[in-house]
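Peer 1: All residue numbers for the sequence shown refer to full-length UniProt numbering, where the first residue is 1 and numbers rise by one. Cβ atoms here follow ideal geometry from the backbone N, Cα and C, with glycine treated the same way. A quick note: this is a predicted structure, and the numbers were derived from the prediction, not measured.
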Amino acid sequence: MVTLSILVPRNLEKEVLNMLGIVLAGGQSKRFGRDKAQVQLPGQPLNNVGLAVTKLQLLCEQVIVSANQQNVANLTEQFRTSSNVIVVTDQVPFERQGPLSGIFAATNYSPELTDYLLLAVDYPLITTTILTTLVTQTDCYATTPTQDHYLVSHVRTSQAMVRAHLLLGDLRVSHFVKTTCQGLPMTFPDSQAFTNLNNMEALTNAK
1 MVTLSILVPR
11 NLEKEVLNML
21 GIVLAGGQSK
31 RFGRDKAQVQ
41 LPGQPLNNVG
51 LAVTKLQLLC
61 EQVIVSANQQ
71 NVANLTEQFR
81 TSSNVIVVTD
91 QVPFERQGPL
101 SGIFAATNYS
111 PELTDYLLLA
121 VDYPLITTTI
131 LTTLVTQTDC
141 YATTPTQDHY
151 LVSHVRTSQA
161 MVRAHLLLGD
171 LRVSHFVKTT
181 CQGLPMTFPD
191 SQAFTNLNNM
201 EALTNAK
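(1) From which residue to which residue does the alpha helix (DSSP H) around I103 run?
(2) CB N84 to CB V63, shorter than 8 Å?
(3) If you drop the 5 nearest sequence neighbours on each side, which residues of the same chain put their C-beta closer than 8 Å to that of M186?
(4) Going by DSSP in three states, A25 sits in which element: helix, strand or coil?
(5) Is Q62 helix, strand or coil when you go by DSSP?
(6) Compare the C-alpha of Y150 against each of S82, Y123 and H165 and name the closest.
(7) Pop quiz: S158 and V177 are said to be a contact at Cβ under 8 Å. What is the actual Cβ separation, rounded to whole angstroms?
(8) Which residues mark the beginning and the end of the alpha helix (DSSP H) in which L51 is found?
(9) Identify, in the order they occur along the chain, each residue of the same chain with its Cβ nearer than 7 Å to the Cβ of T76, setting aside the five sequence neighbours on each side.
(10) Identify, in the order they occur along the chain, each residue of the same chain with its Cβ nearer than 8 Å to the Cβ of L119, setting aside the five sequence neighbours on each side.
(11) Going by the DSSP bridge assignment, what does T179 pair with across the sheet?
(12) What whole-angstrom Cβ distance do F104 and L41 have, given they're in contact under 8 Å?
(13) Leaving out five residues before and five after R34 in sequence, what residues of the same chain have Cβ atoms less than 6 Å from its Cβ?
(14) Does the distance from the CB of S174 to the CB of D148 come in under 8 Å?
(15) Do you know how far the Cα of L117 is from the Cα of Q78?
(16) For residue 208, does the three-state DSSP call read helix, strand or coil?
Here's what the structure looks like:
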């Protein structure tokens, strides 16, 4: 069993207990060439989805993994013995509409206004320190001097809010985080932690 640990400041303990995590693992990985969620990088103790779940478990009482039809069986089996992890897939009428459809499916677990810590499997090197810092501010997303990272964010939202945004036909997570959730940027220095596994070159650079 892999164990990660962080020190949660006392003033965050209540927020941590009331927060749910969402791991976005339902992408088609077309540019990457294979399912990023199930890839295990050299030197890493778990595959990418396992790393994301383990990190969010440190800060969230429940972690919801948004899967797709191709990997849902494997991911369900992977977390079969984890009592605080559930695996979901897209729900009608918002199927295959990108990360927002995964967020919508995840909010079915807690439809009312809820704090969520979002982390995509695209960021296997993200640190627990970065995630803990995001917890200190509601409705924020990680940004570096060179790029915004909307899939590493802390938002307070409800299923109705996600539904309303999807019904607008706007599938951009950036607009959802910034407009619907009124998220503000939280700036971090450029580092390898923000490596995004969009392609095999990124995988090579992350080794």
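Peer 2: Judging by the given coordinates:
(1) P99 to T107
(2) yes
(3) T133, L134, Q137, C140, Y141, A142 and T143, listed in sequence order.
(4) coil
(5) Of the three classes helix, strand and coil, the one that applies to Q62 here is strand, per DSSP.
(6) Y123
(7) About 14 Å; that fails the 8 Å criterion.
(8) N48 to Q57
(9) Once the five neighbours on either side are set aside, the close Cβ partners of T76 are V87.
(10) Only G21, I22, V23, L24, A52, K55, L56, I126, L131, L151 and V152 meet the Cβ criterion.
(11) Per DSSP, none; premise fails for T179.
(12) Actually they do not touch by this definition, with Cβ atoms about 29 Å apart.
(13) none
(14) Their beta carbons are under 8 Å apart, which means S174 touches D148 by this criterion.
(15) 21 Å
(16) Absent from the model: residue 208. The displayed extent of the chain is 1 to 207, so no value can be given.
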